[in-house]
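According to the numbering used here, the sequence shown is numbered sequentially starting from 39. Cβ coordinates follow ideal geometry from the N, Cα and C atoms, glycine included. A quick note: this is a predicted structure, and the numbers were derived from the prediction, not measured.
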Amino acid sequence: MDLSEVVQSQILSSFCDGKSVSTYFYVLLGNTSLRQFAFDILRDALVDRFKRLAFGSHAKSSEETKDVIDIIREEIRTCVIKRSADGRWIINNSEYRESGITKYSQWCAIVDYFENMQLGRERAEYIVWCGGLNAQGLRIERACVSTPYWTVTAMDYLYDELELNSNNYLTHPATFHNLPPSFREAPYGKLHINSERDIDYWNRVCYSLSEDPSSTRYVLVPSQMEYEPQLGFSLSLADPKALHCYWDGDDGGDFEYSLSRFGENATRIMTRLRNV
Numbered sequence: 039m040d041l042s043e044v045v046q047s048q049i050l051s052s053f054c055d056g057k058s059v060s061t062y063f064y065v066l067l068g069n070t071s072l073r074q075f076a077f078d079i080l081r082d083a084l085v086d087r088f089k090r091l092a093f094g095s096h097a098k099s100s101e102e103t104k105d106v107i108d109i110i111r112e113e114i115r116t117c118v119i120k121r122s123a124d125g126r127w128i129i130n131n132s133e134y135r136e137s138g139i140t141k142y143s144q145w146c147a148i149v150d151y152f153e154n155m156q157l158g159r160e161r162a163e164y165i166v167w168c169g170g171l172n173a174q175g176l177r178i179e180r181a182c183v184s185t186p187y188w189t190v191t192a193m194d195y196l197y198d199e200l201e202l203n204s205n206n207y208l209t210h211p212a213t214f215h216n217l218p219p220s221f222r223e224a225p226y227g228k229l230h231i232n233s234e235r236d237i238d239y240w241n242r243v244c245y246s247l248s249e250d251p252s253s254t255r256y257v258l259v260p261s262q263m264e265y266e267p268q269l270g271f272s273l274s275l276a277d278p279k280a281l282h283c284y285w286d287g288d289d290g291g292d293f294e295y296s297l298s299r300f301g302e303n304a305t306r307i308m309t310r311l312r313n314v
């Protein structure tokens, strides 16, 4: 390499987004003699990038955001990459053996995740879930749930409830009598479409909803919550491309487990946002 490791690391940290850093990482990995160098240069660049995030607007938006950024930065700084007996590059200082290549790529995705979230005047707006949804027999290809109340456990909860447990299907609740109090309080966030191609189907889904809180058509809920709703979506008169998202934010999640999955969740969200 014509440029020193320090200079390359500074360029990656200062001028490249996470996707570009990850691409450069994979280019270096293509040369077997540069693989250890690739891990070293990326570690330095990512530590510096997360340090900047720690002093940025996102870290100031909530205590948990700052804590998560600090924890990941320290994890990157102290990670030790070793080559295993079977030839894989692994992170050797974790409780379980993780692929170093996968982990580094996920850290790059986390950089892009934080830097691409839209900053409002007072608080950041975070996309905590992104994917396809089925409702009223219609398929919305790209919808997102966004909120200013970011937690790492919420990303896990919404992925489980909107994808794994419901098969991406929304329906009306069986009765309005069992709607929780959170459905009549200030919204947790909003569900909105992320592609103009979905606008016709989105309008038809919105047409199926009622403004009357005493109607079973007042909200849409994940299919597995038809009889015991905890999460729901209702009309937003202020934004025709969005529905209010109602949830009390109590996911009962495990912080350490969700933190270990943050890279996977961030990668999924950023990939889906790019593939609109």
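{"Check": "Using a Cβ-Cβ cut-off of 6 Å (strictly less than) and excluding sequence neighbours within five positions of His210, which residues of its own chain qualify?", "Outcome": "Thr254 and Arg255"}
{"Check": "Alpha carbon to alpha carbon, how far is Ile128 from Asp78?", "Outcome": "13 Å"}
{"Check": "I'd like the list of long-range same chain contacts for Asp86, defined as Cβ closer than 6 Å, with 5 residues on each side in sequence excluded.", "Outcome": "Ser51"}
{"Check": "Would Trp31 and Tyr197 qualify as a contact pair, given that the criterion is a beta-carbon distance under 9 Å?", "Outcome": "As displayed, the chain neither begins before 39 nor continues past 314, which places residue 31 out of reach and without an answer."}
{"Check": "List the whole-angstrom C-beta distance separating Ala304 from Tyr62, where the pair is believed to meet the contact cut-off of C-beta under 8 Å.", "Outcome": "So it is not a contact: roughly 19 Å between Cβ atoms."}
{"Check": "Helix, strand or coil, according to DSSP, for Pro260 in the structure here?", "Outcome": "strand"}
{"Check": "Taking C-alpha atoms, which residue in Leu67, Asp82 and Val183 lies nearest to His230?", "Outcome": "Val183"}
{"Check": "For a minimum of 3 consecutive residues, which ranges assigned as the beta strand (DSSP E) are wholly contained in the region 57 to 126?", "Outcome": "119 to 121"}
{"Check": "Going by other Cβ atoms of all chains shown within 10 Å of its Cβ, with 16 needed for buried, is Ser296 buried or exposed?", "Outcome": "buried"}
{"Check": "Using the C-alpha atoms, what's the distance from Leu84 back to Arg111?", "Outcome": "8 Å"}
{"Check": "In chain order, what residues of the same chain have a beta carbon less than 8 Å from the beta carbon of Phe214, not counting five sequence neighbours either side?", "Outcome": "Pro251, Ser252, Ser253, Thr254 and Tyr256"}
{"Check": "Going by the beta-carbon positions, is the gap between Thr189 and Glu302 smaller than 9 Å?", "Outcome": "no"}
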